[in-house]
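Participant: Structure provided below as structure tokens; questions to follow.
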Amino acid sequence: MRSTFRSGRHLALGAGLLGLLFSTAACNKLGGSGDFAKTKSGIEYKIFKKVGSKYERRDITGDVDPTYKDRVGKFLTAYIDTRTGKDSVLESTRTKFAGAVVPLPLQEVKRKGNPDEAFALMQPGDSAVFRFNADSLFKPQGRPVPPFLKKSGNVVVLHVATRALIDQPAAMAMQQELQQKMMAEQQRQMMAFAGDQLKKDDATLQAYVKAKNLTGLKKTPSGIYYQITAPGAGPVAKQGQTVTMKYTGMLLDGKVFDSSDKHPGPPFSFPLGQGKVIPGWDEAVALLNKGSKATFLIPSTLAYGQQGAGADIPANSPLRFDVELVDVK
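So the sequence shown is residues 299 to 627, counted in this note's numbering.
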């Protein structure tokens, strides 16, 4: 438990397949407008340019946009939506980055048949739909095509709506902003999940308390249930002090996943309130004074959360700990 007690993403913007993903109504409508053209490398495509308030088909002669050489080294801002052959959205840049466009690097096309070649066909303001044979994208990387892609037509479909051409400094600044937006969105999602999960955990813990006929428990604002079963006579543990603990940790079904009795040597010690243990311990141990024995019922959001801890602690598991605060230094 000494190691599992510890509480515990890089923005890849570029022309890689599944790291660039959006949703736009214009591209959805364009997907059904006429037959696909096809490059020699096998990419099926429809490219449209905006004329006034309407989109018109733009044909490419000889699989190459002759103006692309003037855009190499720059970046094309775009929304991108990656879908299966059955139109299921895999990921969306519009969703992932809070409605912002992403910068696509425009580079010399050295390998045909991949998204780099597709993006080289587009100009600022274009909207397009590209269909790739999934084998051509995954096999050169030595990766098998995911079964769900095979079942949905063995194709990957990109819906792309471009906006502007920018240089590298502007792209770097945009990437930093996107990183911040992505982190903010991840934080929002995590907080929303934690709120929902805490409600589920609380219902589970209340049912456990009733089933075990536990009485005299108190509840902290964060959702921890605790009971001091034997008061101590020493000082109350404070943030930053080193506390020494004896403990037994178990799932609510009674399965013990760790105990200080299993570890030879001195009892487990850690600095309180420094994030060296799960958040529920940092909070609950601070309620005790030296010599106290207590029972903690900790919701999963303050324990090991969605990740769990190895094979012993499944994801989203509320936990019980029976503890003794042996020493405070």
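Glycine included, C-beta positions come from ideal geometry on N, C-alpha and C. If you're wondering where the values come from, they're calculated on a predicted model, not measured in any experiment.
Residues in its own chain within less than 8 Å of V507 by CB, not counting five upstream and five downstream?
Facilitator: Along the sequence shown, read from residue 1 onward, the residue named residue 507 stands at position 209. L515, Y523, L595, listed in sequence order.
Participant: Between the Cα of G532 and those of T375, K627, S351, spot the shortest distance and give me the residue it belongs to.
Facilitator: Here residue 532 is taken as the residue at index 234 of the sequence shown, counted from 1. Checking every option, the nearest Cα to that of G532 belongs to K627.
Participant: If contacts are defined as beta-carbon pairs under 8 Å, then N614 and S598 qualify, I think. What distance do you get, rounded to the angstrom?
Facilitator: As a first step, residue 614 is located in the sequence shown; it is residue number 316 there, counting from the start. As a first step, residue 598 is located in the sequence shown; it is residue number 300 there, counting from the start. That belief holds up - the Cβ atoms of N614 and S598 are roughly 5 Å apart, short of 8 Å.
Participant: Do I464 and F373 have their CB atoms nearer than 8 Å?
Facilitator: On the sequence shown, position 166 is the one that residue 464 refers to. On the sequence shown, position 75 is the one that residue 373 refers to. In this structure, F373 lies closer than 8 Å to I464 by Cβ.
Participant: Out of A426, L600, T518, point me to the one whose CA is closest to Y353's CA.
Facilitator: Numbered from its first residue, the sequence shown carries residue 353 at position 55. For Y353, the nearest C-alpha among the options comes from A426.
Participant: Quick check: what's the CA-CA separation for G563 versus L512?
Facilitator: In the sequence shown, residue 563 corresponds to position 265, counting from 1. In the sequence shown, residue 512 corresponds to position 214, counting from 1. Approximately 33 Å between the Cα atoms of the pair.
Participant: Any idea if P616 is buried or exposed, counting beta-carbon neighbours within 10 angstroms, 16 or more meaning buried?
Facilitator: Numbered from its first residue, the sequence shown carries residue 616 at position 318. So P616 counts as buried.
Participant: Assign R461 to one of two classes, buried (16 or more other C-beta atoms within 10 Å of its C-beta) or exposed (fewer than that).
Facilitator: On the sequence shown, residue 461 is found 163 positions in, with the first residue counted as 1. Exposed is the call here.
Participant: If you measure between the beta carbons of A376 and V400, is that distance less than 8 Å?
Facilitator: Locating residue 376 in the sequence shown gives position 78, counting from the first residue. Locating residue 400 in the sequence shown gives position 102, counting from the first residue. For A376 and V400, yes; Cβs fall inside 8 Å.
Participant: Based on Cα-Cα distance, which residue from Q421, L503, V458, G440 lies nearest to L363?
Facilitator: For the purposes of this step, residue 363 is identified with residue 65 of the sequence shown, where counting begins at 1. First, the amino acid is wrong: residue 363 is Asp here, not Leu. Looking at the Cα atoms, Q421 is the closest of the given residues.
Participant: I need the boundaries of the alpha helix (DSSP H) containing Q500, first residue and last residue.
Facilitator: Here residue 500 refers to the residue found at position 202 when the sequence shown is read from its first residue. The sequence shown places Asp at residue 500, not Gln. 466-509 is the span of the alpha helix (DSSP H), which, as asked, contains D500.
Participant: Measuring only the C-alpha atoms, how far is K536 from S557?
Facilitator: For this step, residue 536 is matched to residue 238 along the sequence shown. For this step, residue 557 is matched to residue 259 along the sequence shown. Roughly 24 Å between the two C-alpha positions.
Participant: Measuring CB to CB, does K591 end up less than 8 Å from T527?
Facilitator: As a working mapping, residue 591 is identified with position 293 in the sequence shown. As a working mapping, residue 527 is identified with position 229 in the sequence shown. In contact: K591 and T527 (Cβ atoms closer than 8 Å).
Participant: Identify whether K410 lies in helix, strand or coil by the three-state DSSP scheme.
Facilitator: In the sequence shown, counting from the first residue as 1, residue 410 sits at position 112. It is coil, neither helix nor strand.
Participant: Measuring CA to CA, which of A609, L503, P612, F566 is closest to V653?
Facilitator: Outside the displayed span of the chain (299 to 627) sits residue 653, for which this structure offers no information.
Participant: Can you give me the C-alpha to C-alpha distance between G330 and Y343, rounded to a whole angstrom?
Facilitator: Taking the sequence shown and counting its residues from 1, one reaches residue 330 at position 32. Taking the sequence shown and counting its residues from 1, one reaches residue 343 at position 45. Per-residue confidence for G330 stands at a pLDDT of 47, beneath the threshold of 50, marking its modelled position as unreliable; the derived number appears in the next sentence. Spanning the two alpha carbons is a distance of roughly 12 Å.
Participant: Could you check if A609 is buried or exposed, using at least 16 other CB atoms within 10 Å of its CB as the buried criterion?
Facilitator: For the purposes of this step, residue 609 is identified with residue 311 of the sequence shown, where counting begins at 1. A609 comes out exposed.
Participant: Three-state secondary structure (DSSP) at K574?
Facilitator: Start at 1 with the first residue of the sequence shown, and residue 574 comes out as number 276. Coil at K574, not helix or strand.
Participant: If I follow the unbroken alpha helix (DSSP H) through P445, where does it start and stop?
Facilitator: Taking the first residue of the sequence shown as position 1, residue 445 is located at position 147. First-last of the alpha helix (DSSP H) with P445: 445-449.
Participant: Tell me the rounded alpha-carbon separation between A492 and T502.
Facilitator: On the sequence shown, residue 492 is found 194 positions in, with the first residue counted as 1. On the sequence shown, residue 502 is found 204 positions in, with the first residue counted as 1. If you take the alpha carbons of A492 and T502, they lie about 15 Å apart.
Participant: Secondary structure at L402, three-state DSSP: helix, strand or coil?
Facilitator: Numbered from its first residue, the sequence shown carries residue 402 at position 104. L402 falls in the strand class under three-state DSSP.
Participant: State the DSSP-derived secondary structure class of P616, mapped to helix, strand or coil.
Facilitator: Residue mapping note: residue 616 aligns to position 318 of the sequence shown, counting from 1. P616: coil per DSSP, three-state reduction.
Participant: When the distance is taken between beta carbons, is L623 closer than 8 Å to M543?
Facilitator: For the purposes of this step, residue 543 is taken as the residue at position 245 of the sequence shown. For the purposes of this step, residue 623 is taken as the residue at position 325 of the sequence shown. Cβ distance < 8 Å, so M543 and L623 count as in contact.
Participant: Roughly how far, in whole angstroms, is the beta-carbon of V387 from the beta-carbon of F428, given that I think they are within contact range, below 8 Å?
Facilitator: Within the sequence shown, residue 387 is the residue found at index 89, counting from 1. Within the sequence shown, residue 428 is the residue found at index 130, counting from 1. Going by Cβ atoms, the distance from V387 to F428 rounds to 15 Å, so no, they are not a contact pair.
Participant: Under DSSP, the alpha helix (DSSP H) around A432 begins and ends at which residues?
Facilitator: Numbered from 1 along the sequence shown, position 134 holds the residue referred to as residue 432. From DSSP, the alpha helix (DSSP H) with A432 extends over 432-436.
Participant: Going by C-alpha distance, which of R381, T391, N431, A607 is nearest Q473?
Facilitator: Residue 473 sits at position 175 when you count from the first residue of the sequence shown. For Q473, the nearest C-alpha among the options comes from T391.
Participant: Among the residues of its own chain, which have a CB less than 6 Å from the CB of H308, if the five just before and after it don't count?
Facilitator: Here residue 308 refers to the residue found at position 10 when the sequence shown is read from its first residue. Residue placement at H308 cannot be trusted, given a pLDDT of 28 that sits under 50; the coordinates are not used to answer.
Participant: Would you list the residues sitting across from P569 in a DSSP beta bridge?
Facilitator: Taking the sequence shown and counting its residues from 1, one reaches residue 569 at position 271. According to DSSP, P569 bridges with T540.
Participant: Taking the beta carbon of E581 as the centre, do at least 16 other beta carbons fall within 10 Å, making it buried, or is it exposed?
Facilitator: Indexing the sequence shown from 1 puts residue 581 at position 283. Under this definition E581 is a buried residue.
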